[in-house]
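J.: Quick one: this structure, given as C-alpha cells, is what I'll be asking you about.
Residue numbers (the numbering used here): 109 to 165.
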C-alpha cells in the first residue's frame with residue numbers, strides 16, 4: 109500500500125525579500141543551526157526537529 113504524500117512547506121513565507129536582500133522572518137533554532145526554523149506560539153518559540161522551547165520574557 110502506498111504511503112500518504114506530504115505537502116511541501118511554504119518556504120516563501122519564511123523570508124521577506126527587499127530589493128536584492130532576503131531576510132528571515134522566523135527565528136532559527138540555536139541547537140539545530142541554520143535551515144531549521146522555530147514555530148511561533150503564544151509566548152514561546154518551539155523547534156519541531158529537536159523539541160527545543162524558548163519562552164518569551
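Heads up, the beta-carbon is just placed ideally off N, CA and C, and yes, glycines get one too.
Just to confirm, is the Cβ distance from residue 145 to residue 134 under 7 Å?
T.: In the chain shown, counting from the first residue as 1, residue 145 sits at position 37. In the chain shown, counting from the first residue as 1, residue 134 sits at position 26. Closer than 7 Å, so yes.
J.: Skipping 5 residues on each side, what residues in its chain have a beta carbon closer than 6 Å to that of residue 129?
T.: Along the chain shown, one-based indexing puts residue 129 at 21. Correct list: empty, nothing qualifies.
J.: Which residue marks the beginning of the beta strand (DSSP E) containing residue 132, and which one marks its end?
T.: On the chain shown, residue 132 is found 24 positions in, with the first residue counted as 1. Start and end: 129–132.
J.: Just curious, the beta strand (DSSP E) that residue 154 is in, first and last residue?
T.: Here residue 154 refers to the residue found at position 46 of the chain shown. Looking at the DSSP string, the run of the beta strand (DSSP E) that includes residue 154 is 152–155.
J.: Mind checking if residue 155 is an interface residue toward chain D, Cβ cutoff 7 Å exclusive?
T.: Included in the structure is just one protein chain, with no chain D present.
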